[in-house]
Amino acid sequence: MEGKQPGNKNMPDFKELNDRIIAEPSTSPSLVIKTNADPESAVEDNPYAQGVDQANLEKLKGFFEGREHH
1 MEGKQPGNKN MPDFKELNDR IIAEPSTSPS LVIKTNADPE SAVEDNPYAQ
51 GVDQANLEKL KGFFEGREHH
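Now the structure itself:
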C-alpha cells in the first residue's frame, strides 16, 4: 500500500529541491551575549511578539528572557 501524498501534485519532492541549503544543527554549544545595545524588553522590536494575545505574550517574554513559564 502506498503512503498518502497530500498537497500539490505539481510540487517537486522535498528531496529534489536544490534552491536552498538546510544545515544540520550544531553539535557544539553556542554563546548568546546580551549587550547594552539590546532592547530592555524582550518583545520590543521582536517580530514574534506582533499580534500575540496577552496570555501568550507572557510566555513569549519568559522564553526570550530565559525564564520558564508554565
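Letter by letter, the sequence shown follows residues 1 to 70 of the numbering used here. No residue lacks a Cβ here, since even glycine has one placed at the ideal position from N, Cα and C.
Separation of residue j from residue i, as counted between CA atoms
i	j	result
A55	A42	15 Å
A49	N10	35 Å
K34	T27	22 Å
F14	P25	19 Å
E44	G51	13 Å
A37	G7	44 Å
L17	P47	28 Å
P39	P12	42 Å
Open item on the list: At 3 residues or longer, what runs of the beta strand (DSSP E) sit wholly inside the segment 4-47?
Closed with: none
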